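Enquirer: Residue numbers (our numbering): 1058 to 1233. Note that CB positions come from ideal geometry on N, CA and C, so glycine has one too. Values in this document were obtained by computation on a predicted structure and should not be read as measured data. Here's a structure for you.
And the structure:
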């Protein structure tokens, strides 16, 4: 039986194919050109549901991180209630001011209905303002999501969003 030898003080360990022992690879400095990230403008916006249904990366309420090889291409997600629209506007202002990772590309806004029925006029006007900044994709109220179930048929708006996002459709469940 052979015994392993441990290098003594002052001896050198031969360099292998990976980083030397105790060193890590240099941090990645740019966002990935692959995939799509969903950024929540506020908690409960719906990024987890969209990720489950359409694929991509759920970034939660933060910008993508180059060190994690997260996608440069993103969609900003919010609800259609007043607070959700304010949060989307704040995130857009942050982008306008340049306070985001270099290389980030916003390809659209996704507004998920916060309730069934038509929006009040003030909120509908707000969406018109948001459309002047970026393409807006609206997702209607889906009652089965309240019960954690998948609808029998996905609404056309989700199929259009899937095409715009360039992602795949899942057979997975409802919101979280």
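Is it the case that the region 1100-1115 contacts the region 1131-1150, given that we only count it when at least three CB pairs across the two stretches are under 8 Å?
Expert: yes
Enquirer: Can you give me the start and stop residues for the beta strand (DSSP E) that residue 1096 sits inside?
Expert: Segment 1094-1097, the beta strand (DSSP E) holding residue 1096.
Enquirer: Taking all protein chains shown into account, decide if residue 1186 is buried (16 or more other Cβ within 10 angstroms of its Cβ) or exposed.
Expert: exposed
Enquirer: Give the DSSP-derived three-state secondary structure of residue 1186 in the structure shown.
Expert: helix
Enquirer: Return the chain-ordered list of same chain residues with a C-beta closer than 6 Å to the C-beta of residue 1167, the five sequence neighbours on each side being excluded.
Expert: 1132, 1134 and 1194
Enquirer: If you pair each beta-carbon of the region 1176-1183 with each one of the region 1200-1208, do three or more pairs fall below 8 Å?
Expert: Fewer than three beta-carbon pairs drawn from the region 1176-1183 and the region 1200-1208 are found closer than 8 Å, and the two stretches are therefore not classed as touching.
Enquirer: Could you give the C-beta distance for residue 1125 and residue 1094, rounded to a whole number, given that I count them as a contact under 8 Å?
Expert: Between residue 1125 and residue 1094, the beta carbon gap of about 10 Å keeps them out of contact (Cβ cut-off 8 Å).
Enquirer: Exposed or buried, which one is residue 1148 when buried takes at least 16 other CB atoms within 10 Å?
Expert: buried
Enquirer: Does the beta-carbon of residue 1216 have 16 or more other beta-carbons within 10 angstroms, so that it is buried, or is it exposed?
Expert: Exposed.
Enquirer: Ignore the nearest five residues each way along the sequence and tell me which others in residue 1090's own chain have a CB closer than 7 Å to its CB.
Expert: 1129
Enquirer: What separation, rounded to the nearest whole angstrom, lies between the Cα atoms of residue 1087 and residue 1158?
Expert: 8 Å
Enquirer: Taking 8 Å as the threshold (C-beta atoms), are residue 1196 and residue 1170 in contact?
Expert: yes
Enquirer: Just the C-alpha distance for residue 1182 and residue 1191, rounded to the nearest angstrom, thanks.
Expert: 15 Å
Enquirer: Would you kindly check if the distance between the Cβ of residue 1127 and the Cβ of residue 1108 is under 8 Å?
Expert: no
Enquirer: Which class does residue 1146 belong to by DSSP, given the choice of helix, strand or coil?
Expert: helix
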